[in-house]
Amino acid sequence: MFASFSRIDKNTLKIAVPLIISNITIPLVGFVDNVMMGHLGSIVYLGAIGVGSIVISYVLFSFGFIKSLTTGFVSQHAGSNSDKELLLALSHLLLISSFISFFLIFFRDQIIIFSLDFMNASNDVNINSKIYLDYRIWSIPAIFLRDILIGYYIGVQNIKAAIIISIAVNLLNIILDYYFIYVLNYSIEGVAIASLISEYSVVFFALYAIKSENIFKSNHLTMNEIFDWPMIKKKILVNIDMFLRSFILMTIFIYFMKVGASYGDSILASNTILLNFFFLFSYGIDGFAHSSEVLVGDSIGKKNNLLLRQSIYSTGKFSIILASIYLVIFNVFDASIVQFVTNLKDIHEIVLSNIIYLYLIFISATIAFWLDGVFIGSLKVKLLRNIMIISGILFFSLEMVLLQENNDNLWISFLVFFTARSMLLAIALYYHIKNNRFIMI
């Protein structure tokens, strides 16, 4: 069957399938954390890992554009064979991420206290969430550096190296989770320490390995080139647009968790489980989003309109196929999966009563994830920012209308948000293709 695919389809799968496998190990860590906390006999641990994870994810995902932009810049420069420009882009992104890391670590106490106060969870949940965050926040510099390394490898289509980094950090995390919790009898702090150790261990190994890349051997930058303020400013402006996009997205996620926490620890715990299922889905679909970034960026670098259209169609087609597979698996095995995550019967019932919203989000969000990759690969970041602003306004407006304290209304607003993003991005794609706005010759 594989032989019947077009060359573009084969390229899409060559990039996406390994990335899907490696990407799924990322939320798999959160899934394993949920399983371990879910069997410690208290909903407090499940709620705490949910709050702690969403706070750290809020920070990390707000700056998660670092990997995507690295892929976008690298793939375009690789497509046009501009090695020195590629190296400059990496240097400038490293400078920007280093400054962000310093800022976040310096103000870590204020960030943690403000975030937990905002979440408004129960006192027991907040105490355990703070324990988790006090350790976990120190991994931020390593995560940013890891994202740049992975973004570089994806951009030059060295998918094997990107996979090794992703899988290594997450498998080590899972192993250390088990060791700290079940061997050393730690509770929530064991989860955080495991993440901290695994992030730094793998990044140090990756930095050692990357020295062998030819681009670093054959090109040398002067200090004036590295600290070229106009070039850095240009990348900062691109980063600001992507930051605003990511910030709005994660604000919606953290608001979702905050409102869920106000409904009690049981709703908080069940929403945490459902969001982890959503992350398993989103990170899988992200494999094709990354394919879009690489193939679209490469097509634009080569100024090849036909290749661009073929790449967009191919990545979109496979995104929809994968979403359908997720939908079937969760629909058939939902009760068994939830039972595996937690043995708390009341949580089990709440999750299953709300899982229909998850299925609808699988359907509605697929187009948004795929087209994020298309527009990141073409560096149309202002468009992504503007569509996120419109969709975010719609989410919060709907929340104000559906003001009753009802978890169903919360999920409905979440669903409408993703549907709006997909529709607006699809309209933007049609406009850009029809008017030849991707490649300006």
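Be aware that the sequence shown starts at 1125, since it is given in our numbering, and climbs by one per residue. Beta carbons are placed, not taken as given, at the ideal position from N, Cα and C, and that holds for glycine.
Residue i versus the options, residue with shortest Cα-Cα distance
i            : options                   : result
residue 1129 : 1521, 1325 and 1441       : 1441
residue 1443 : 1303, 1401 and 1405       : 1405
residue 1218 : 1272, 1244, 1506 and 1197 : 1272
residue 1467 : 1240, 1159 and 1224       : 1159
residue 1193 : 1461, 1264, 1428 and 1499 : 1499
residue 1234 : 1476, 1246, 1261 and 1361 : 1261
residue 1460 : 1447, 1446 and 1475       : 1475
residue 1458 : 1472, 1438, 1375 and 1447 : 1472
residue 1243 : 1381, 1220 and 1263       : 1381
residue 1157 : 1251, 1302 and 1455       : 1302
residue 1322 : 1480, 1249, 1265 and 1465 : 1265
residue 1270 : 1214, 1256, 1228 and 1437 : 1214
residue 1329 : 1360, 1290, 1364 and 1300 : 1290
residue 1384 : 1478, 1258, 1283 and 1495 : 1478
residue 1456 : 1299, 1480, 1364 and 1173 : 1480
residue 1431 : 1314, 1562 and 1241       : 1562
residue 1212 : 1320, 1351, 1143 and 1173 : 1351
residue 1166 : 1395, 1190, 1248 and 1523 : 1248
residue 1379 : 1362, 1365, 1446 and 1534 : 1534
residue 1489 : 1439, 1540 and 1452       : 1540
Whole-number beta carbon distance between residue j and residue i, since they are thought to touch under 8 Å
i            : j            : result
residue 1486 : residue 1450 : 6 Å
residue 1389 : residue 1171 : 5 Å
residue 1275 : residue 1421 : Actually they do not touch by this definition, with Cβ atoms about 11 Å apart.
residue 1140 : residue 1448 : Not really, about 15 Å apart at Cβ, beyond 8 Å.
residue 1169 : residue 1252 : 7 Å
residue 1277 : residue 1320 : With 8 Å as the limit, residue 1277 and residue 1320 do not qualify as a contact, their Cβ atoms being about 23 Å apart.
Inter-residue spacing [alpha-carbon to alpha-carbon] between residue i and residue j
i            : j            : result
residue 1356 : residue 1216 : 6 Å
residue 1493 : residue 1410 : 7 Å
residue 1531 : residue 1377 : 14 Å
residue 1209 : residue 1371 : 28 Å
residue 1560 : residue 1546 : 21 Å
residue 1237 : residue 1230 : 14 Å
residue 1521 : residue 1542 : 14 Å
residue 1491 : residue 1548 : 10 Å
residue 1463 : residue 1312 : 21 Å
residue 1317 : residue 1424 : 43 Å
residue 1555 : residue 1418 : 21 Å
residue 1427 : residue 1349 : 27 Å
residue 1506 : residue 1309 : 48 Å
residue 1287 : residue 1482 : 28 Å
residue 1510 : residue 1306 : 47 Å
residue 1512 : residue 1375 : 11 Å
residue 1106 : residue 1263 : Lying before the first or after the last residue shown, residue 1106 is absent from the chain, which here runs from 1125 to 1565.
residue 1256 : residue 1538 : 27 Å
residue 1407 : residue 1148 : 6 Å
residue 1360 : residue 1268 : 16 Å
residue 1250 : residue 1393 : 13 Å
residue 1333 : residue 1327 : 10 Å
residue 1331 : residue 1177 : 27 Å
Local Cβ density within 10 Å of residue i, reported as buried at 16 or more and exposed below that
i            : result
residue 1525 : exposed
residue 1353 : exposed
residue 1551 : exposed
residue 1347 : exposed
residue 1519 : buried
residue 1558 : exposed
residue 1224 : buried
residue 1241 : exposed
residue 1182 : buried
residue 1125 : Residue placement at residue 1125 is poorly supported in this model, since its pLDDT is 46, which falls under 50; the coordinates still yield a value, given next. Result: exposed.
Length-filtered (4 minimum) alpha helix (DSSP H) runs lying within the region 1354-1439: Within the region 1354-1439, the complete alpha helix (DSSP H) runs of at least 4 residues are 1389-1426.
Alpha helix (DSSP H) runs wholly inside the region 1257-1282, at least 4 long, in chain order: For the region 1257-1282, whole alpha helix (DSSP H) runs of length 4 or above, ordered along the chain, are 1264-1279.
Runs of alpha helix (DSSP H) wholly within the region 1476-1519 (minimum 4 residues, chain order): Runs of the alpha helix (DSSP H) lying entirely within the region 1476-1519 and spanning at least 4 residues: none are present.
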